[in-house]
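A short write-up of the structure that comes next.
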Amino acid sequence: MFRYGSKTGRYVWSDAETLLLIKLYKDNDAAYNEGKMTYKTFWKRIIDVMVSKGYNVTTSRCTSKMDSLKRMYKNVKDHNAQSGNDKKTCNFYEELDELFNKKPWINPLSVAESNLPLGNVDINKTPSTSRKRSKSAQEDLKASYLEQSLEIKRLKREDSENYRKEKLSVMKDLFQFLRK
């Protein structure tokens, strides 16, 4: 079943073929992520099933297709996450969402944002006392960091000095040995 675009000469994936790729990827993803199979084995299993179903695929075609599906899905997710944007979708969105919505590259485990909900923050605190505490805590952290970095530099300098002395000693011994 060779399907190539008439003008581009590129392999054209049918919807059924793409859905099968997504299904096989999903079926083998857990075992791959748990370290129960290698990257090569992961794709070999997928390709073996697809070839047995009559599709002419290779590892590079399948990985390229999955990469483009991931990229398309992430673009749609990012677009929909932005405030004010109209809802966007793509082919196989539901299947891809089921497969990827819990992945860290879609929903990071932690996010550095300033527009997160306040939650249980006590708004009645006086800003001056909490600000002073945070400033002194920041100053303590800065001082601690400075001390640690100075100590690390001192240790590196000592190690470097010891290395040079040892190297010089070895070179002197070698020189004396060669003079004899």
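Numbering (this note's numbering), first residue to last: 162 to 341.
Positions of the beta carbon are idealized from the N, C-alpha and C atoms, including for glycine.
In this text, all values refer to a predicted model and were calculated from it rather than measured experimentally.
Here DSSP, grouped into helix, strand and coil, assigns Tyr234 to helix. By a beta-carbon distance limit of 8 Å, Lys231 does not contact Asn241. Their separation comes to about 16 Å. Distance from the Cα of Asn252 is smallest, within the candidate group Lys235, Gln243, Glu327, Ile313, for Lys235.
Closest option to Thr224, judged by alpha-carbon separation, among Gly215, Ile207, Val237: Ile207. Membership of Asp209 in the alpha helix (DSSP H) is indicated by the continuous run 200-213. Secondary structure at Asn246: coil, using DSSP grouped into helix, strand and coil. Taking a cut-off of 8 Å for Cβ pairs, the region 253-264 and the region 174-190 touch, as three or more such pairs fall below it. Per DSSP, the continuous alpha helix (DSSP H) segment holding Tyr254 begins and ends at 254-261.
Of the residues Ser244, Lys264, Val218, Lys197, the one whose Cα lies closest to the Cα of Ser175 is Val218. In the structure shown, the three-state DSSP call for Thr219 is coil. With contacts defined by Cβ atoms closer than 8 Å, Ile267 and Lys238 form a contacting pair. Taking Leu302 as the centre and dropping the five residues before and after it, the same chain places no C-beta closer than 6 Å to its C-beta. Cα atoms of Leu335 and Lys326: separation of roughly 14 Å, rounded to the nearest angstrom.
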